[in-house]
Structures are given as structure tokens and as C-alpha cells.
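Count along the sequence shown from 1, add 295, and you get the number used in my numbering.
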Amino acid sequence: MAEGKRIVVLHGDQTGEDLLHKALQVLDPKLLDVNLEFEHFDLSVQKRRETENGVVHQAAAALREAGFGIKAATITPEHAGDVGSPNAILRREVDGKVIVRTGRRIPGVRPVAAVYAPISVIRMAVDDAYGAKEWREGSGEDEMAYRTEKITRSVCHAVAEFAFAQGRRSHAKVFGGPKYTVSPI
296 MAEGKRIVVL HGDQTGEDLL HKALQVLDPK LLDVNLEFEH FDLSVQKRRE
346 TENGVVHQAA AALREAGFGI KAATITPEHA GDVGSPNAIL RREVDGKVIV
396 RTGRRIPGVR PVAAVYAPIS VIRMAVDDAY GAKEWREGSG EDEMAYRTEK
446 ITRSVCHAVA EFAFAQGRRS HAKVFGGPKY TVSPI
């Protein structure tokens, strides 16, 4: 049998792992009649701690070589000195600039605002989007959230270019909007 297209599979934690198993069932080469090869990496928080993130660096090297992969959600410990975010390591090592989430309509569920095409959410994945200093002041209805971050023009340009290219590929409209979240810790 000819060598198949390699897909790097990045296993994760909790329900993220459950969802990954379902996705892999859909990608079963026997069902698709396509020659696929899967290379698996365990990115669970336990394995990342055991390897001091070595497994994340190995997975990033495999992603660079294969060109793409599929990843389960992972736990990011919030304590200083722990293993941190595997996503930050992966993005840095593969020079990733965007996060893409594409949803599909669920049969029988009426679409919102007559939107029938798949919706892709394109988000910035680098600069200080995740490494910004964040804090809260006040309490109750007067609580305010702050964050300091740097965002370079080149990254903004890359994200916008990707969003419009994605829109052209899927014959979709492109809308812009801010993302405003600050963790309580």
C-alpha cells in the first residue's frame, strides 16, 4: 500500500480527549477509503509534567514536518512554575498566527439570521493575546477588567489576510469584532 498522508494527532485532557476520539472516528481511513497515517502525541497535563513539556516540542516538530494535525483541548495550569500552555509552545514553534474554529449547521436547528454557510471564527494567536498582564479592580457592578498587551501590525495584517482568504475559499462574508476576556486570576 502506498504511503498515506500523515496527520499528527495531539491528545489532550478530559472532554477534549472525548471529542478527539469522535473526530478520529470520522477520519477512519477505512470509512473514507483514503490512505491516512496517524502519529499520536499525548499532550495531557500529566504527560507534559512528566516530560517537562518535551512531548510538546516533539509534537511541534512533527507538525512542522507533516504540515497539519488535529488537537484536543488541554488543561493549562494557572500556577507559576507549572508546565503552562502547550498551545503557546506549539504556536511559537510552528509560527502559527491564527486560531480557526469552523462550525457547521446542525440538521433540524434553524439558523440564526438566515446564515446557512459554515461559520469560521478567526482569532489572533500570537503577540500578547495570551501572555498579556491581566488584573481586576473593584467589585460587584463596579468591577473593571484591565489588560496590557502588545499587538504588532504585521500579526494583525496576517490575521486579516487569513480571514479574507478563508472567506474567499468558502464564498462567505467576513465580519470583524473584538474579543474581550480577562481571567479572574
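Idealized CB from N, CA, C, for every residue including glycine. Computed from a predicted structure; not experimentally measured.
- Boundaries of the beta strand (DSSP E) around residue 302: 300 to 306.
- When DSSP states are grouped into helix, strand and coil, residue 469 belongs to the coil group.
- Per DSSP, residue 384 lies in no beta strand (DSSP E) segment; the continuous alpha helix (DSSP H) that holds it begins and ends at 381 to 389.
- Under the DSSP assignment, residue 360 falls in the alpha helix (DSSP H) whose first and last residues are 349 to 361.
- Taking all protein chains in view, the Cβ of residue 314 is surrounded by fewer than 16 other Cβ atoms within 10 Å, so the residue is classified as exposed.
- Using a Cβ distance threshold of 8 angstroms, residue 303 and residue 357 count as a contacting pair.
- Between the C-alpha atoms of residue 354 and residue 389 there is a straight-line separation of about 10 angstroms.
- In the three-state reduction of the DSSP assignment, residue 404 falls in the coil class, being assigned neither a helical nor a strand state.
- For residue 312, the closest of 361, 368 and 375 by C-alpha to C-alpha distance is 368.
- With 16 or more other Cβ atoms inside 10 Å of its own Cβ, residue 306 counts as buried.
- Under DSSP, residue 336 forms a beta bridge with 305.
- Boundaries of the beta strand (DSSP E) around residue 418: 414 to 419.
- Looking from the CA of residue 444, the closest CA among 450, 366 and 427 belongs to 427.
- For residue 455, there is no enclosing beta strand (DSSP E); the residue is found in the alpha helix (DSSP H) stretching over 448 to 464.
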